[in-house]
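Down below is the structure, laid out as structure tokens.
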Amino acid sequence: MSKKLARLLSGLFVSMVAATIVSVATPAHAAYATCNVSGTIYNHDNVLTAIPKNSTTGVTCQMRNGNYDNNAVRVLQTSLNKCYYFNLVVDGDFGTATENAVRYVQRVEGVTETGVYDPTLRVNMRWFPKDQAICAYVD
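Going by mature numbering (1 follows the signal peptide of the UniProt record, and there is no 0), the letters in the sequence shown line up with residues -30 to -1, 1 to 109, in that order.
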């Protein structure tokens, strides 16, 4: 094999490895639409429960620090207050206090602590139903 071909193949291999590393390092939540409204689904006790959703993609959505004036954030803040005993202002603004509350819930529920609300957190946290005082998980 010629030196030129060997260098070309070596460069191609390095490029492929680098591309693989970049694709693995990209967070999975980066592809989700932002939650911007609230919706209802049945929790594990078969009670309708308000949860964040996106008006187009449904419940597969995310929220992070910087989302503001958002009804989906209000629903999240309400469940954080009622189910995890926070004292957040329910203002629809996903600020530092809401991010810290999300981090706490991720930690106690055993999911990766990112401070970002996403579908993984949705199914691993308890939600406050409107017609019942008992928080429960959803699917």
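Backbone N, C-alpha and C fix where the C-beta goes; we use that ideal spot for every residue, glycine too. Please read these numbers as outputs of a predicted model, since none were measured by experiment.
query	result
Do you know how far the Cα of residue 48 is from the Cα of residue 95?	13 Å
Taking 6 Å as the cut-off, does the CB of residue 23 come closer than this to any heavy atom belonging to the ligand MN?	For the ligand MN, the structure offers nothing, since it holds no ligand at all.
Can you list, in chain order, the stretches of the alpha helix (DSSP H) that have 4 or more residues and sit fully within the stretch 39 to 78?	41 to 54, 66 to 78
Name the DSSP bridge partner or partners of residue 104?	Answer is none; residue 104 lacks a bridge partner.
Rank 43, 99, 34, 42 by C-alpha distance to the C-alpha of residue 83 and give the top, closest one.	34
What span of residues does the alpha helix (DSSP H) with residue 99 cover, start to end?	First-last for residue 99: undefined, no H or E at that position.
Where does residue -26 sit, in a helix, a strand or coil, going by DSSP?	In this prediction, residue -26 scores a pLDDT of 47, lower than 50, which makes its location untrustworthy; no coordinate-derived value is stated.
Which term fits residue 42, buried or exposed, when burial requires 16 or more other beta carbons within 10 angstroms of its beta carbon?	buried
Just to confirm, is the Cβ distance from residue 99 to residue 19 under 7 Å?	yes
If you count every other CB in all the chains shown that lies within 10 Å of the CB of residue 55, and 16 or more means buried, which is it?	exposed
Provide the residue(s) that pair with residue 89 in DSSP beta bridges, ordered along the chain.	In the DSSP output, where bridge partners are listed per residue, residue 89 has none listed.
Round the Cβ separation of residue 4 and residue 31 to the nearest angstrom and send it over; I've been treating them as touching at under 8 Å.	6 Å
In its own chain, which residues sit with a C-beta less than 7 Å from the C-beta of residue 79, not counting the 5 before and 5 after it?	94, 95
Are the Cβ atoms of residue 24 and residue 40 separated by less than 7 Å?	no
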